[in-house]
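Protein chains: 2
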Amino acid sequence: MSIKPRILKGFNDYLPDVMLPKQRMLDAVARTFESFGFAPLQTPALEYADVLLGKYGDEGDKLLYRFLDNGERDVALRYDLTVPLARVVAMNRQLGAPFKRYQIAPVWRAEKPGPGRFREFLQCDVDIIGVADLMADAECLAVGAAVLGALGVDDFVLRVNNRKLLTGLMLRLGIADGEPTLAVLRTVDKLPKIGEDGVRAALAKENGLGAAAIDGIFEFLALDPAGLAEWFDADSPGRVGAAELQTLLDLAAEQGLADRVEVDLSIARGLDYYTGTIYETFVRGMESMGSVMSGGRYDTLLTMFGGPPVPAVGISLGVDRLFALLQKQGLVEPEANPARVLVTVFSTETRPASYRTAAALRAAGVPTEVYPGSPRMKKQFKHADRQRIPFVVTVGPDEAARGEVKLKDLATGEQTALTVDALVARLTPG
Amino acid sequence: MSIKPRILKGFNDYLPDVMLPKQRMLDAVARTFESFGFAPLQTPALEYADVLLGKYGDEGDKLLYRFLDNGERDVALRYDLTVPLARVVAMNRQLGAPFKRYQIAPVWRAEKPGPGRFREFLQCDVDIIGVADLMADAECLAVGAAVLGALGVDDFVLRVNNRKLLTGLMLRLGIADGEPTLAVLRTVDKLPKIGEDGVRAALAKENGLGAAAIDGIFEFLALDPAGLAEWFDADSPGRVGAAELQTLLDLAAEQGLADRVEVDLSIARGLDYYTGTIYETFVRGMESMGSVMSGGRYDTLLTMFGGPPVPAVGISLGVDRLFALLQKQGLVEPEANPARVLVTVFSTETRPASYRTAAALRAAGVPTEVYPGSPRMKKQFKHADRQRIPFVVTVGPDEAARGEVKLKDLATGEQTALTVDALVARLTPG
Chain A
1 MSIKPRILKG FNDYLPDVML PKQRMLDAVA RTFESFGFAP LQTPALEYAD VLLGKYGDEG
61 DKLLYRFLDN GERDVALRYD LTVPLARVVA MNRQLGAPFK RYQIAPVWRA EKPGPGRFRE
121 FLQCDVDIIG VADLMADAEC LAVGAAVLGA LGVDDFVLRV NNRKLLTGLM LRLGIADGEP
181 TLAVLRTVDK LPKIGEDGVR AALAKENGLG AAAIDGIFEF LALDPAGLAE WFDADSPGRV
241 GAAELQTLLD LAAEQGLADR VEVDLSIARG LDYYTGTIYE TFVRGMESMG SVMSGGRYDT
301 LLTMFGGPPV PAVGISLGVD RLFALLQKQG LVEPEANPAR VLVTVFSTET RPASYRTAAA
361 LRAAGVPTEV YPGSPRMKKQ FKHADRQRIP FVVTVGPDEA ARGEVKLKDL ATGEQTALTV
421 DALVARLTPG
Chain B
1001 MSIKPRILKG FNDYLPDVML PKQRMLDAVA RTFESFGFAP LQTPALEYAD VLLGKYGDEG
1061 DKLLYRFLDN GERDVALRYD LTVPLARVVA MNRQLGAPFK RYQIAPVWRA EKPGPGRFRE
1121 FLQCDVDIIG VADLMADAEC LAVGAAVLGA LGVDDFVLRV NNRKLLTGLM LRLGIADGEP
1181 TLAVLRTVDK LPKIGEDGVR AALAKENGLG AAAIDGIFEF LALDPAGLAE WFDADSPGRV
1241 GAAELQTLLD LAAEQGLADR VEVDLSIARG LDYYTGTIYE TFVRGMESMG SVMSGGRYDT
1301 LLTMFGGPPV PAVGISLGVD RLFALLQKQG LVEPEANPAR VLVTVFSTET RPASYRTAAA
1361 LRAAGVPTEV YPGSPRMKKQ FKHADRQRIP FVVTVGPDEA ARGEVKLKDL ATGEQTALTV
1421 DALVARLTPG
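Chains as they are written, first to last, in our numbering: chain A, 1 to 430; chain B, 1001 to 1430.
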């Protein structure tokens, strides 16, 4: 009896018509990372469970795919790329600084699947390890902007904030460090979703803040970046945050990003490990999709495995969200076959000519498929059509005798007889 | 108390100095696959256990990473890429034929780790689904040869055989189908390792064959391809196998691969699912590393989930083995940083000029890193040296005032002052 073929809920097959354009997107992302000197790192899918446990909060621990392996080792599938990075840094002090790495890899979370929420999904992180200088923070903005540019996304804004400003704010309002502060930040983070009235109500009800504290928060949110430092006491971390934010803006301007970067004091990010710069990125007209690229500075996180403190800053691309956005903007060409040309096979006699034609095209950098078999021409053309291969080349006995081939452009229906050299010249890219 | 950072045995971190050249190798492999019209497919790491169980023999079942997930589902990490492919084909009949896909992805096997044997490793498969014509078998040879060529491996031989010849041989010798035949084939497969005497002894002792049968096997192995068909009775599957093998050789010759392909009647492949063509690939002078690329035709395997029979043929690259071989042949450039240029930062004042220089290089396609900070020049140069970045560009106040930069070639020590335009022209690839 055969088993019913089926796939786990929250997991996906990516068939060629999706995977091919997605792979092209990921390749462009990786090339852009490398153009800034970020190098690839690969870590295992499975880790010792205790390496991951306690790093993502109680909720995160419950979402781990955790089990005993055949050797009774307590193991779990990776939940993100940051904790494995911290492990690698702790185990490889020889890497030195600056250590700039990117990693594009799946992670696994046993969440309830929903629209756009999967149990297996790709994460795509760039991080600069070992650099306290804000040039590293600015470089994450620059590489992020370059990635969006490489993908054809032109109208976006990088929103920046600094966690030290928020710490200064909480000190001024007398809100305790740790969980109370984090809870307030999580509420403030909902501003784009629930608006000022919603946030005010939640701060009162869920966070138990009085009217003065709530007003103080909104006074802060309305501050002009220029007047930010003066709002804080001279010894407040808010002053440091204001100075850092200004330096970041200057560094962004030096890289031609002044128009791309905006201060947004309401950005808090859910995660509690940011210590300085924080970023989010929105595509204009697509703000409802949420941030497509987020991150920040986390100068204490990498000590989770002991050792000396290691400053770090990074940014993470939401690749699935970005791919959905590219599709919506019409920037994704649906393709099921990487070949630009199908060379048909008329008969066993003309087959060598078909092979030679395909080899000449490939040598010129034109991806070319030879139909594997020689059924009726109609069937071979139909294959090109279904797979959206734009050109079909036929080499019938007449063409072969004349040393020619016939090129058909499936989009226009136009047919041309030409030599193989002329064909190659015509279809060679660039 | 912090947890000791450590990695599971049989699993690897690939740090940039290994991962960067390996990623370049994998990109070249993928590009070559695509140049023949193979498209990428991605399937989940986790599958329902029963989808995988019983497909790899009892031994394989034991090596699965299998567990109950949080929803008490019996799941397992994928063990290879072929069974998930069969599942995808069974669930997506709309894919039609020919369906040509490649997949490069990790698989997990709870084997005893040893030198070159890991619990997580990459598989790299190309398959042509839905095509009975031997042109598909020949295409796997052609794409495999193209991959090795793209990697700079020039001296290799594709060894081919046909499973129907072996079936004909067993029939002639009166060895029963199924396990007895498979056991004999597994013994014959050891020929390169244990030699003729070793195989003869094992066939007698382990397989219980008599002297006549053993002589028959070696008579077969010594046959000239030209006389192969006549060795079998007219109605033997061996005759079909001989004809198929001849057709494959003709097709290889039509694609200019005559010198690359050799018949080797001793190739049996351990796996029991091959039905026709089988291949192995050896790099000359490196035969002891074993086959770097193997596969064959499996016309019945894809029915494991029911449904009509679907012919299929494929080839699998041993990417880790191939990478080790490229390293041994000196074809791997050790690199820890994709940047070709490090632009140093002399001071805050000259920083904008450094950024502009880097942007100009990147725009011309030259991967360029800007040192994130401005410590002493010596430290910045040392970073370039450690990371094997070949060129360092400095923009001191004097150069900046003259609109120039200074280029240092770290290999020769040569220094040149030149304009940014001249720098870009000098370092632009191609």
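Backbone N, C-alpha and C define an ideal beta-carbon position, used for all residues, glycine too. Please read these numbers as outputs of a predicted model, since none were measured by experiment.
Nearest neighbour of A:Ala-268, chosen from A:Leu-173, A:Met-289, A:Arg-297 and A:Asp-421 [CA to CA]: Comparing Cα-Cα distances from A:Ala-268 to each of A:Leu-173, A:Met-289, A:Arg-297 and A:Asp-421, the minimum goes to A:Arg-297.
Supposed close pair A:Val-392, A:Leu-410 - CB separation, criterion 8 Å: Between A:Val-392 and A:Leu-410 the beta-carbon gap is near 6 Å, inside 8 Å, which marks them as a contact.
Residue(s) in a DSSP beta bridge with A:Arg-159: A:Glu-262 and A:Glu-280, per the DSSP bridge assignment.
At least 3 beta-carbon pairs within less than 8 Å: the segment 1411–1426 of chain B vs the segment 124–136 of chain A: The answer is no - the segment 124–136 of chain A does not touch the segment 1411–1426 of chain B, with fewer than three Cβ pairs under 8 Å.
Proximity of B:Ile-1175 and B:Ala-1213 at Cβ, strictly below 8 Å: Their beta carbons are under 8 Å apart, which means B:Ile-1175 touches B:Ala-1213 by this criterion.
Alpha carbon of B:Glu-1059 to alpha carbon of A:Asp-69, nearest angstrom: A straight line joining the alpha-carbon of B:Glu-1059 with that of A:Asp-69 spans about 16 Å.
Under 7 Å from the C-beta of A:Arg-351: neighbouring residues of chain B: Ordered by position in chain B, the residues that pass the 7 Å Cβ test against A:Arg-351 are Glu-1254.
Coil, strand or helix - B:Val-1341 by DSSP: B:Val-1341 falls in the strand class under three-state DSSP.
Spatial neighbours of A:Leu-325 in its chain, beta-carbon cut-off 8 Å, leaving aside the 5 residues before and after: Within the same chain, and ignoring the five residues on either side of A:Leu-325 in sequence, the residues whose Cβ sits closer than 8 Å to its Cβ are Val-153, Val-283, Met-286, Met-289 and Val-292.
CB contact flag (A:Tyr-431, A:Arg-159, <8 Å): The structure shown does not extend to residue 431 of chain A, since chain A is modelled only from 1 to 430, so the question has no answer here.
Coarse secondary structure for A:Pro-474, derived from DSSP in three states: The question about residue 474 of chain A has no answer here: the residues shown for chain A are numbered 1 through 430.
Sub-8 Å separation of B:Pro-1016 and A:Pro-40 beta-carbons: One thing to note: B:Pro-1016 has its Cβ within 8 Å of the Cβ of A:Pro-40.
Completely contained beta strand (DSSP E) runs for the segment 81–155 of chain A, where each covers 3 or more residues: Listed in chain order, the complete beta strand (DSSP E) runs (minimum 3 residues) inside the segment 81–155 of chain A are 99–108 and 120–129.
Same chain only: Cβ atoms within 6 Å of B:Lys-1009, ignoring 5 sequence neighbours per side: For B:Lys-1009, where only same-chain residues beyond five positions count, the Cβ hits under 6 Å are Pro-1113.
Partners in chain A for B:Pro-1113, counting only beta-carbon separations shorter than 8 Å: In chain order: nothing, as chain A lies at least about 11 Å away.
Buried/exposed call for A:Ala-234, threshold 16 Cβ in 10 Å: Its Cβ having fewer than 16 others within 10 Å, A:Ala-234 is exposed.
Endpoints, the beta strand (DSSP E) within which B:Lys-1406 is located: If you look at B:Lys-1406, you'll find it in the beta strand (DSSP E) that goes 1404–1409.
Helix, strand or coil at B:Ile-1214 according to DSSP, with G and I counted as helix: B:Ile-1214: helix per DSSP, three-state reduction.
Enclosing beta strand (DSSP E) for A:Asp-74 [first to last residue]: Counting along the chain, the unbroken beta strand (DSSP E) around A:Asp-74 starts and ends at 74–77.
Three or more C-beta pairs below 8 Å linking the segment 1218–1234 of chain B and the segment 1244–1261 of chain B: Taking 8 Å as the limit for Cβ pairs, the verdict is that the segment 1244–1261 of chain B does touch the segment 1218–1234 of chain B.
Chain-ordered chain B contacts of A:Asp-61 [CB-CB under 8 Å]: Listed along the chain, the chain B residues whose CB falls inside 8 Å of the CB of A:Asp-61 amount to none; the nearest CB is some 12 Å away.
Cβ of B:Thr-1357 within 8 Å of any chain A Cβ: Chain A contact via Cβ: absent.
Closest residue to B:Ala-1353 among B:Gly-1365, B:Glu-1399 and B:Arg-1386 (Cα-Cα distance): Taking only the C-alpha atoms, the option nearest B:Ala-1353 is B:Glu-1399.
Pairwise C-alpha distance: B:Ser-1316 and B:Phe-1232: Distance from the CA atom of B:Phe-1232 to the CA atom of B:Ser-1316, rounded to whole angstroms, is 31 Å.
Beta carbon of A:Leu-407 nearer than 8 Å to that of A:Gln-415: Against a cut-off of 8 Å, the Cβ pair of A:Gln-415 and A:Leu-407 comes out as a contact.
Integer Cβ distance of B:Pro-1106 from A:Ala-45, believed to fall under 8 Å: With a Cβ gap of about 6 Å, B:Pro-1106 and A:Ala-45 count as contacting.
CB of B:Val-1343 within 8 Å of CB of B:Val-1370, strictly: Here B:Val-1343 is near B:Val-1370, since their CB atoms are less than 8 Å apart.
Residues of the segment 1090–1108 of chain B whose Cβ lies closer than 8 Å to any Cβ of chain A, in chain order: Within the segment 1090–1108 of chain B, those residues whose Cβ lies closer than 8 Å to any Cβ of chain A are, in chain order, Ala-1090, Met-1091, Asn-1092, Leu-1095, Gly-1096, Pro-1098, Lys-1100, Arg-1101, Pro-1106 and Trp-1108.
Cβ shell of B:Thr-1187 (< 7 Å), same chain only, five flanking positions each side left out: Closer than 7 Å at the Cβ level, and outside the excluded window around B:Thr-1187, lie Val-1199, Ala-1202, Leu-1203, Glu-1206 and Asn-1207.
Distance between A:Arg-101 and A:Met-25 (C-alpha atoms, nearest Å): Those two C-alpha atoms are separated by around 19 Å.
Test item: CB-CB of A:Pro-84 and A:Glu-335 under 8 Å: No; because the gap between Cβ atoms is not below 8 Å, this pair is not in contact.
B:Ala-1150 versus B:Asp-1137 - alpha carbon distance: Rounded to whole angstroms, the gap between the alpha carbons of B:Ala-1150 and B:Asp-1137 is 20 Å.
Buried/exposed call for B:Arg-1119, threshold 16 Cβ in 10 Å: Counting the other CB atoms within 10 Å of its CB gives B:Arg-1119 a total of 16 or more, which places it among the buried residues.
Helix, strand or coil at B:Gln-1246 [DSSP, three-state]: B:Gln-1246: helix per DSSP, three-state reduction.
Residues, ordered as in the chain, of the segment 302–334 of chain A that lie near chain B by beta-carbon distance below 7 Å: For the segment 302–334 of chain A, which is checked against every Cβ of chain B, the residues closer than 7 Å are Met-304, Phe-305 and Gly-306.
is_contact[B:Gly-1290, chain A] using C-beta, thresh 8 Å: Taking 8 Å as the CB threshold, B:Gly-1290 stays off the interface with chain A.
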